[in-house]
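This report concerns only the one structure given below.
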Amino acid sequence: MFDLQDAANDRSITDLQPYLGEKGHLVILRQSSPLTSNDYVHAHALKDTPSGQVHFATRFPRSGKYKLWGQFNRNGKIVTADFWVNVADSSS
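Residue numbers (the working numbering): 417 to 508.
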C-alpha cells in the first residue's frame, strides 16, 4: 500500500489520473546475480481503494532484498517512487 503525500504541503494526493490504464504500476526486482525471470514482478494497482492510497497485491518469489519502483500519473506528469525492502523467509 502506498499512502501518497504531496511534499510541498504534506497533504494526501487524491487527484491521480490513470497511467497506462491503471491507477499505478509497481515493478519489483530481487537483488541477485545473475537476474532471472523469477526475480522480476510487475503489479497493477487494485481498483476501488481509499482516496489518497494506492494498493498493490503481489507475492515475492522468495526471501531477499528487493528494489521497488511505483509509478503514478499526477496532472499529466509521471511520478516514480523507489525504495528497498527486505523480505524474510516465509518458513520463519
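From the three backbone atoms N, C-alpha and C, an ideal C-beta is built for every residue, glycine too.
Query, Result
"Burial state of V470 (16 or more Cβ within 10 Å)", "buried"
"Contact set for F488: own chain, Cβ-Cβ below 6 Å, skip 5 residues either direction", "L432, G440, V495"
"With 16 other Cβ atoms within 10 Å as the buried cut-off, status of R475", "exposed"
"Cβ-Cβ distance between F499 and K483 below 9 Å", "yes"
"For I494: DSSP bridge partner residues", "N489"
"Buried or exposed (CB count within 10 angstroms, at least 16 for buried), L442", "buried"
"Rounded Cβ spacing between E438 and H458 (contact assumed at less than 8 Å)", "With a Cβ gap of about 11 Å, E438 and H458 do not count as contacting."
"Three-way DSSP call (helix, strand, coil) for S428 in this model", "strand"
"Nearest to S479 (by Cα), restricted to the options T430, I444, R427", "I444"
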